[in-house]
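From first to last, the protein sequence lines stand for chains P and U.
Taking our numbering, the leading residue of the first sequence gets 45, the next gets one more, and so forth.
Taking our numbering, the leading residue of the second sequence gets 45, the next gets one more, and so forth.
Taking it in order: structure first as structure tokens, then the write-up.
Number of protein chains: 2
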Amino acid sequence: MSGGNRPEHLSRLSLNQETIRQWSLPELAEGCAAAGVPGVGLWRAPVRAYGVEAAARLMRTAGLSVTSLCRGGFFTAVEPAERAAALDDNRAAIDEAATLGTGTLVLVSGGLPPGSRDLPGTRARIADALGELSPYAAERGVRLAIEPLHPMYAADRCVVSTLAQALDLAERFPAERVGVVVDTYHLWWDDTVAAQIARAGAGGRIAAFQLADWITPLPAGVLLGRGQLGDGSIDLRWFRERVDAAGYDGPIEVEIFNPALWERDGAEVLAEVAERYASLVPVEPSPSPVPSGPPDPAG
Amino acid sequence: MSGGNRPEHLSRLSLNQETIRQWSLPELAEGCAAAGVPGVGLWRAPVRAYGVEAAARLMRTAGLSVTSLCRGGFFTAVEPAERAAALDDNRAAIDEAATLGTGTLVLVSGGLPPGSRDLPGTRARIADALGELSPYAAERGVRLAIEPLHPMYAADRCVVSTLAQALDLAERFPAERVGVVVDTYHLWWDDTVAAQIARAGAGGRIAAFQLADWITPLPAGVLLGRGQLGDGSIDLRWFRERVDAAGYDGPIEVEIFNPALWERDGAEVLAEVAERYASLVPVEPSPSPVPSGPPDPAG
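Printed below as a string of structure tokens:
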């Protein structure tokens, strides 16, 4: 890992690539390195299009840590053939995560199968899938990270809607195999989230911490309405303090899906992200004897 | 109350007027009476435009019970003048409910004030407002019914997002003064909702039970995307059984906001609502010695 001229206050910042999806992978690597941002969160589709090995080399050469791969999951199908295909696809995602050198595969579990109204049965199938996949992932040094999605996605994307539910699932497995994602966008409204962050931290379950702000009105389809840090309703500092207090010292990933950001110059967007991060999310204390940066997969 | 030729299986059905907003109040009264639907849920704006006393007479003459008035609330402002105006407006809503002969004023509590990120403070102001309003309402025979809204409305409409939160607020006051609304659209995703319905029933807190289905994709603004019963992801029968088991025997109100229903013939929509209700929501057992219809405010 290089990083000679990296600002200390960005030492835990990671840019999820969908935030600046107008960038190719080489642009992403170059842009993050230039801005002193030490981590990137990657998505499977662009990584596969570029080549998984090549993407891994690209990030390693730029001195960047891959803090997570998005995403596995979508394993709620009832039909055996569909279910088997989903598990195969998740094994491929685990392999890709291992190749990229990230220990974290984010899981968006999946919604109700078409025509189904059976939330408990759907959630049970997620637990079964985790049971099948977690040994495979562990052998490759990858932890499965269950991401609770906002309840507005419960029908069509993810029946895991709260951090409590994600932990109920994760805690069936060893902490080093299955963790959870704390994403401010999905969890900010929940009055039990402080207690659940503490629970997650006590169990060593926080696999990722992601930031985006909540802005209204929501767009049709509600997928691409996330706000730049500071533009919305979420007390990001409050979340950071809770996650800190829970003992989490890993990467802090900014993941914003918003077409207005995609229309702008990528470097300008990244500078804005870094500036908002520095002003809204408490920065690191002055250099301490204990290293607290993101794990360096390149060793 | 007339109702000689009312079908027994619709004896608890109430039509919230926004479901068929193309109807004027006289059309609503006539349409419900003709269809054998014994209850209506009304909204303040059309009632005030028609005249509160006149609307009360209209419904009484048609033999209809007014099962709820929507809505009070929106009392999360910080500014004293704004807050006082909101409380005054809520007193007016309580007066209107009393005039209409309904014992239930539905409260949509309000979102974060502009620029605020303080969820706990905002929720505390709701408790304060309930403290100020509930004696006034009780003197007029009106119960305040806190409606938890789906978490996607937490920023701009209602920081009370779960039935547990609504009960935490309601339980500060006597049950006959402050209750809660169980609305399937807002609560269906929540894996704790069965326990919270039981808690609400045990405390005599269920002031209203409302039905709508969850359909995707959500429209921009996410206000007008509710589905006709049976068109979406919600197990309505499951909800009805839980509410029954909790001891609730009041009206069952259908409240769907969907422009596609507003473009159709009102009588046709109401017939469809009644048909879906009869097939999807368990109907009443054969006539029992204990009356279980909606309360008749006309005495």
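Ideal placement from N, C-alpha and C gives every residue a C-beta, glycine not left out.
For the 8 Å CB-CB criterion, leucine 102 (chain P) and proline 70 (chain P) form a contact. Contact annotation: in the stretch 226-249 of chain U, residues whose CB is within less than 9 Å of a CB in chain P are Trp232, Trp233, Asp234, Asp235 and Thr236. Assignment of alanine 251 (chain P) by DSSP, reduced to helix, strand and coil, places it in the strand class.
Where cysteine 114 (chain P) is concerned, the enclosing beta strand (DSSP E) starts and stops at 109-117. Within the stretch 195-213 of chain U, the residues whose Cβ lies closer than 7 Å to any Cβ of chain P are, in chain order, Pro195, Met196, Ala198, Ala199, Asp200, Ser205 and Gln209. Of all residues in the stretch 254-266 of chain U, those with a C-beta nearer than 9 Å to a C-beta of chain P are Trp258, Ile259, Thr260, Pro261, Leu262, Pro263, Ala264, Gly265 and Val266, reading in chain order. By the C-beta criterion, the stretch 231-246 of chain U is judged to be in contact with the stretch 202-220 of chain U, since at least 3 inter-stretch pairs fall below 8 Å. Using a Cβ distance threshold of 8 Å, alanine 251 (chain P) and glycine 223 (chain P) count as a contacting pair. Collapsing the DSSP output to three states places tryptophan 232 (chain P) in coil.
Minimum Cα-Cα distance from aspartate 235 (chain U) among the listed residues U:Arg308, U:Phe283, U:Ala78 and U:Leu324 corresponds to U:Phe283. Within chain P, Leu156, Arg161 and Ala199 have C-beta atoms less than 7 Å from the C-beta of serine 277 (chain U), given in sequence order. Histidine 194 (chain P) sits close to proline 195 (chain U), with the two beta carbons spaced by under 8 Å. The beta carbons of alanine 106 (chain P) and glutamate 74 (chain P) sit about 7 Å from each other, so the pair counts as a contact at 8 Å. Runs of the beta strand (DSSP E) lying entirely within the stretch 49-105 of chain U and spanning at least 3 residues, in chain order: 57-60 and 83-87.
Burial state of glutamate 312 (chain U) is exposed, judged by a 10 Å Cβ sphere holding fewer than 16 other Cβ atoms. Two segments are said to touch when three or more pairs of C-beta atoms, one from each, lie closer than 8 Å; by this definition the stretch 318-327 of chain P touches the stretch 51-64 of chain P. Put simply, the backbone Cα of alanine 256 (chain U) is about 18 Å away from that of isoleucine 190 (chain U). Note on geometry: alpha-carbon atoms of glycine 271 (chain P) and leucine 151 (chain U) lie some 29 Å from one another.
Secondary structure of arginine 201 (chain U) (DSSP, three-state): coil. The continuous alpha helix (DSSP H) containing aspartate 288 (chain U) extends over residues 280-289.
If the five residues before and after alanine 77 (chain U) are omitted, its C-beta is found closer than 7 Å to the C-beta atoms of Ala106, Gly107 and Leu108, all from its own chain and listed in chain order.
Around the Cβ of proline 179 (chain U), a 10 Å sphere holds fewer than 16 other Cβ atoms; the residue is exposed. Counting the other Cβ atoms within 10 Å of the Cβ of proline 164 (chain P) gives fewer than 16, which makes it exposed.
When DSSP states are grouped into helix, strand and coil, isoleucine 241 (chain U) belongs to the helix group. Valine 96 (chain P) is a Cβ neighbour of glutamate 140 (chain P), given a cutoff of 8 Å.
Apart from the 5 residues on each side of it in sequence, leucine 268 (chain P) sits with its Cβ closer than 8 Å to the Cβ of Phe301, Asn302 and Pro303 in its chain, given in chain order. CA-to-CA, the gap between valine 91 (chain P) and arginine 56 (chain P) works out to about 22 Å.
In the DSSP annotation of this structure, the continuous segment of the beta strand (DSSP E) that includes aspartate 227 (chain U) starts and ends at 222-227.
Collapsing the DSSP output to three states places threonine 206 (chain P) in coil. Around the beta carbon of arginine 281 (chain U), a 10 Å sphere encloses fewer than 16 other beta carbons of the protein chains shown; the residue is thus reported as exposed. For leucine 151 (chain P), the three-state secondary structure derived from DSSP is strand. CA-CA distance, alanine 318 (chain P) to glycine 80 (chain P), rounds to 9 Å. By a beta-carbon distance limit of 8 Å, glycine 147 (chain P) contacts glycine 185 (chain P). Their separation comes to about 6 Å. Assigned with DSSP and collapsed to three states, arginine 169 (chain P) falls in helix.
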